[in-house]
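These notes are about the structure you will find just below.
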Amino acid sequence: MSLEQSILLKNANLVDVEASTIYPASVLIEDGIISEVIKGSDHLESLDSSIPKTIDLTGKWIIPGLIDMHVHIKEKFAPHFVASGITTVRNTGGNVLELKKLMKAGNTDPTPRVFSADRIIDGPPGLFGETSPWSINIDDPDMARREVRRQIEAGADLIKVYGMLSEKIMTAVVQEASKFGIEVSCDLIHAKKVNAVNAARMGIKWNEHASGFIQAMYPQWNMSAPQHIWQEVDWKKPNLSLIKDVCLELLKHDVIICPTMILFDQMDRLPDYWKVDNEITKKTFQDHPLIGQWEAISQNIDALKMLGKQSLINKAIAKTYFELGGTVVAGTDTPAGVWTFPGMALHRELELFVKAGFPEMDALRAATIIAAESLHEDTRGVIQKGAIADILVLNSDPIEDIKNTKNIDWIIKGGKVYSQEKILRSIPSEEYINRTLEEFLGEFEETMIDFIVKT
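Mapped onto UniProt numbering, the consecutive letters of the sequence shown carry residue numbers 1 to 455.
Structure, rendered in structure tokens:
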């Protein structure tokens, strides 16, 4: 063991998300990896004297670095995640070429580890309009298969499909992705042709937003349905029997649900939305472009309220699926929706998990060990020997009150100790962001030409 490269975190209250308990412990970190977890004061004195860097965490709590399982990250706000304690993100739609620097970042860099989908595969006319570097509209199975192969070759960790696809095209996507061992994720909020049960049966592993449930429960309903169909749904008192029936179907196929409760909760609360006010937002969001984006979106209150109607059903789905033994992970869809601050939104999501009926420990597990296991990663989301040293030091007990996850003292990423202020100093300039966007668009055009020539 190279003691010169070691850090000892001593006398902490360790929140063990694997065993769902808390106990006094010290953690030895070597070269970015947890090399030992010492319960109580076992042989601590002899070790303490030999480690050059020791941090006394008496009266503090340590938890694994958090994982946001549904984001749309950009380099310009990537440091906000780590400053908020989110050391890993699952990017569910974007462009892996645009994110290549983040995806290849160093172990200790002040940006989160990124698992990412490439551009969203949708059907015409496309929720986001014409085909672009960030989404593609497809109505041909062979074209769908080619796009899946292109995305995997580009480095996508998963494939994301949207609800305007037909069942035939969606099935082609799933079948092609499965040849390469790549999982498929679906967003069925606006779906008319496919529901959550159809998607599960065709082999889609991930259900984003707990979507497609309402279409399965009420077959005449979709986001464009006439008002009298909307009125047939009991939005205020979710039908738990129908929800359970759909959950049981998804359980048969081991579907993972990421409910993104904050997305619907924010819209349901308008204009009284949740808005965090702390050092991160004060220092970095005063004139941030996202503020203008959210303010503009917030003007469409009627449309947002229609989406917000789903909030109680969304929470009921998450709780029911969890109680039935299904896998539920925590994600936010940041910065989509309104006032979903990158990084801090996950702390609100954990609050909503608890409000939905999850115990605090299980809410925390949804953003740590359960999230990591869903990503097939056994060295993240835990504080144990052999794990990557991504650790949050908190000033108060998150199991006593889940809101305490926001009360961050230090962030440790890959064994490097950061203050929030130090991380925020790494936010890239607007000039840099504009230059890299131009470079990406040019590079993407070249890669698409090469792909077309090859195929």
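Built from N, CA and C at the ideal position, the CB exists for glycine as well.
- Remark: C-beta atoms of L270 and K305 approach each other more closely than 8 Å.
- Contiguous beta strand (DSSP E) elements confined to the segment 332 to 420 occur at 391 to 394, 408 to 413 and 416 to 418, taking only those with 3 or more residues.
- Sequence-distant Cβ neighbours of I169 in its own chain, meaning closer than 7 Å and more than five residues away, are G123, I138, D139, P141 and A144.
- Beta-bridge analysis with DSSP links I67 to T88.
- DSSP places N198 within a helical segment (H, G or I) once states are collapsed to three.
- In the structure shown, D56 falls within a strand segment according to DSSP collapsed to helix, strand and coil.
- Between I256 and V329, the C-beta spacing is below 8 Å.
- By the neighbour-count criterion, in which a residue is buried when 16 or more other Cβ atoms sit within 10 angstroms of its Cβ, D118 is buried.
- Inter-residue distance for I280 and E421 is about 8 Å (C-alpha atoms, whole angstroms).
- Fully contained in the segment 182 to 236 are the following beta strand (DSSP E) runs of length 3 or more, in chain order: 184 to 187 and 206 to 208.
- Judged by pairs of C-beta atoms under 8 Å, the segment 221 to 234 does not touch the segment 294 to 305, as fewer than three such pairs exist.
- For the set G337, P359, A296 and E373, the Cα lying nearest the Cα of E323 is the one of P359.
- As DSSP reads the structure, I136 sits in a beta bridge with I121.
- If you compare the alpha carbons of I152, K76 and V71 with that of K179, the shortest gap goes to I152.
- Counting other Cβ atoms within 10 Å of its Cβ, T58 stays below 16 and is therefore classed as exposed.
- From the listed residues T21, Q231, D409 and G94, the smallest Cα separation to I423 is found for D409.
- Around the beta carbon of G331, 16 or more other beta carbons sit within 10 angstroms, so the residue counts as buried.
- The beta carbons of Q215 and N195 sit about 4 Å from each other, so the pair counts as a contact at 8 Å.
- The beta carbons of I73 and L99 sit closer together than 8 Å.
- Between I63 and I388, the C-beta spacing is not below 8 Å.
- Straight-line measurement puts the Cα of V89 at about 26 Å from the Cα of G126.
- Taking all protein chains in view, the Cβ of G129 is surrounded by fewer than 16 other Cβ atoms within 10 Å, so the residue is classified as exposed.
- I427 is not a Cβ neighbour of P52, given a cutoff of 8 Å.
- Contact between the segment 341 to 356 and the segment 250 to 267 is present: three or more C-beta pairs spanning the two stretches fall below 8 Å.
- The segment 292 to 299 makes no contact with the segment 363 to 371; the number of CB pairs closer than 8 Å stays below 3.
- One alpha carbon belongs to Q266, the other to S132, and they sit about 28 Å apart.
- Contact annotation: S185 and L158 have beta-carbon atoms nearer than 8 Å.
- Going by DSSP, N13 is part of the beta strand (DSSP E) stretching over S6 to D16.
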